[in-house]
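Please read the structure below before turning to the comments.
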Amino acid sequence: MTTPRLLRATCPDCGVTRGETHTQTCLTVECLHTGMPRASCHSEHAPPLDHDCGNATWDGRWPGHDECRDFGWHITWDPATEAWVRCNSDVPGSGPDLGRLREQAIWNSQNRTWRQRRAVLYGRPRSGGRATTEGAAAHLRGWCTRRGLIVVAEYGTAGHAELCWQAVLEDLRAAHADVVAVHAVDALGPTPQQVSARARAVEALGAVIVGPGVRFDRAGLVTGTTAA
Numbered sequence: 403m404t405t406p407r408l409l410r411a412t413c414p415d416c417g418v419t420r421g422e423t424h425t426q427t428c429l430t431v432e433c434l435h436t437g438m439p440r441a442s443c444h445s446e447h448a449p450p451l452d453h454d455c456g457n458a459t460w461d462g463r464w465p466g467h468d469e470c471r472d473f474g475w476h477i478t479w480d481p482a483t484e485a486w487v488r489c490n491s492d493v494p495g496s497g498p499d500l501g502r503l504r505e506q507a508i509w510n511s512q513n514r515t516w517r518q519r520r521a522v523l524y525g526r527p528r529s530g531g532r533a534t535t536e537g538a539a540a541h542l543r544g545w546c547t548r549r550g551l552i553v554v555a556e557y558g559t560a561g562h563a564e565l566c567w568q569a570v571l572e573d574l575r576a577a578h579a580d581v582v583a584v585h586a587v588d589a590l591g592p593t594p595q596q597v598s599a600r601a602r603a604v605e606a607l608g609a610v611i612v613g614p615g616v617r618f619d620r621a622g623l624v625t626g627t628t629a630a
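Residue numbers (my numbering): 403 to 630.
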């Protein structure tokens with residue numbers, strides 16, 4: 403049975419009631435532009451502010467807690483290691499892993515919620531035959547899961563390589579996915595020129611390439627050609 407989600411009558415920091423605007427010094431309220439704590443936007447260590455944080459109202463919900471619960475992203479204290487460790491949201495005494503949420507999820511400023519990033523998996527048949535190729539795909543799926551990515555499609559391990567790549571780009575254009583996950587950079591193509599061209603195509607659509615064998619140089623360009 404699902405535990406009901408209770409709403410707090412007042413903000414735990416600034417004390418405003420539901421429907422009221424948080425005070426400017428409130429430490430609980432999020433920035434409406436980034437989803438991060440608003441106080442972090444105005445920290446002395448923060449870069450120059452290039453956006454309006456907005457004036458959020460208290461709606462009775464702790465920012466990010468519902469999403470962590472829905473995603474199963476909680477942490478609990480492990481006495482054996484004396485450290486916080488990740489766990490599922492149904493573990494008694496656990497709390498929301500807000501650090502993971504802010505690092506791995508995407509903020510939707512329209513409805514003030516976080517969502518998990520969506521990935522399309524792309525690869526080419528690897529030397530070693532079908533078993534090697536399928537093993538690489540399984541490893542990549544696990545890698546994505548550990549990083550909070552939802553895999554929405556897989557392309558390239560069978561079928562015409564160019565048609566599969568065009569299907570990847572179409573998913574990005576249609577906003578079905580946010581990232582392209584590859585087991586290694588050489589999955590993008592057999593030559594550095596093709597790797598660069600495909601990386602630019604992904605970047606032009608506002609997406610990024612990720613994966614266990616993906617590295618970036620100082621200019622932010624995808625580099626490396628071997629599996630991790």
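For glycine and all other residues, C-beta sits at the position ideal for the given N, C-alpha and C. All figures in this text were calculated on a predicted structure; none of them were measured in a lab.
field: Nearest-angstrom beta carbon gap, residue 613 and residue 551 [assumed within contact, 8 Å]
entry: No, residue 551 and residue 613 are not in contact; Cβ-Cβ is about 10 Å, not under 8 Å.
task: If I'm right that residue 632 touches residue 519 with Cβ under 8 Å, what's the distance once you round it to whole angstroms?
output: With the chain represented from 403 up to 630, any question about residue 632 goes unanswered, as that position is not in the structure.
task: Confirm, please, whether the CB-CB distance from residue 419 to residue 460 is below 8 Å.
output: Pairing residue 460 with residue 419 gives a Cβ-Cβ distance under 8 Å.
field: Start and end residues, alpha helix (DSSP H) containing residue 600
entry: Here the alpha helix (DSSP H) through residue 600 covers 594 to 606.
- request: Would you mind working out which of 463, 464, 565, 540 sits nearest residue 553, comparing C-alpha positions?
  value: It is 540.
- prompt: Does DSSP put residue 517 in a helix, a strand or coil?
  reply: Looking at residue 517 - three-state DSSP - the assignment turns out to be strand.
query: Can you give the beta carbon distance from residue 496 to residue 476, rounded, assuming they're within the 8 Å contact cut?
result: Cβ atoms of residue 496 and residue 476 come within 8 Å of each other, at about 4 Å.
field: Reduced DSSP category for residue 567 - H, G, I as helix; E, B as strand; rest coil
entry: Assignment of residue 567 by DSSP, reduced to helix, strand and coil, places it in the helix class.
message: Using the three-state DSSP reduction, which class does residue 412 fall into: helix, strand or coil?
response: In the three-state scheme derived from DSSP, where H, G and I count as helix and E and B as strand, residue 412 is classed as strand.
task: Along the beta strand (DSSP E) that carries residue 485, what are the first and last residues, could you check?
output: Per DSSP, the continuous beta strand (DSSP E) segment holding residue 485 begins and ends at 485 to 489.
field: Residue nearest to residue 609 in terms of C-alpha spacing, selected from 598, 575, 588, 585
entry: Residue 609 has its Cα closest to that of 575, out of 598, 575, 588, 585.
- request: Tell me, to the nearest whole angstrom, how far the beta carbon of residue 522 is from that of residue 570; I am working on the premise that it is less than 8 Å.
  value: With a Cβ gap of about 5 Å, residue 522 and residue 570 count as contacting.
- request: Assess, as a yes-or-no matter, whether the region 484 to 491 is touched by the region 427 to 436 under the definition of 3 or more beta carbon pairs within less than 8 Å.
  value: For the pair of segments examined, the region 427 to 436 was found not to touch the region 484 to 491: the number of CB pairs separated by less than 8 Å stays below three.
message: For residue 429, tell me which candidate among 453, 464, 407 has the shortest Cα-Cα distance.
response: The shortest C-alpha separation from residue 429 is found at 464.
- prompt: What residues in its chain sit with their C-beta under 6 Å from that of residue 558, if we drop five residues either side in the sequence?
  reply: Result list for residue 558: 524, 525, 526, 566, in chain order.
task: Starting from the C-beta of residue 511, find all residues in its chain whose C-beta is less than 7 Å away, skip the five residues before and the five after it, and write them out in chain order.
output: Take residue 511, set aside five residues on each side of it, and the residues of its chain with a beta-carbon closer than 7 Å to its own are 434, 435, in chain order.
task: Put residue 545 into one of helix, strand or coil per three-state DSSP.
output: Note: residue 545 maps to helix in three-state DSSP.
query: By DSSP, does residue 572 sit in helix, in strand, or in coil?
result: DSSP places residue 572 in helix when its eight states are reduced to three.
field: Where residue 453 sits in the DSSP three-state scheme
entry: DSSP places residue 453 in coil when its eight states are reduced to three.
message: Is the beta carbon of residue 549 closer than 8 Å to that of residue 595?
response: Not in contact: residue 595 and residue 549 (Cβ atoms no closer than 8 Å).
task: Could you spell out the range, first to last residue, of the alpha helix (DSSP H) harbouring residue 472?
output: First-last of the alpha helix (DSSP H) with residue 472: 467 to 473.
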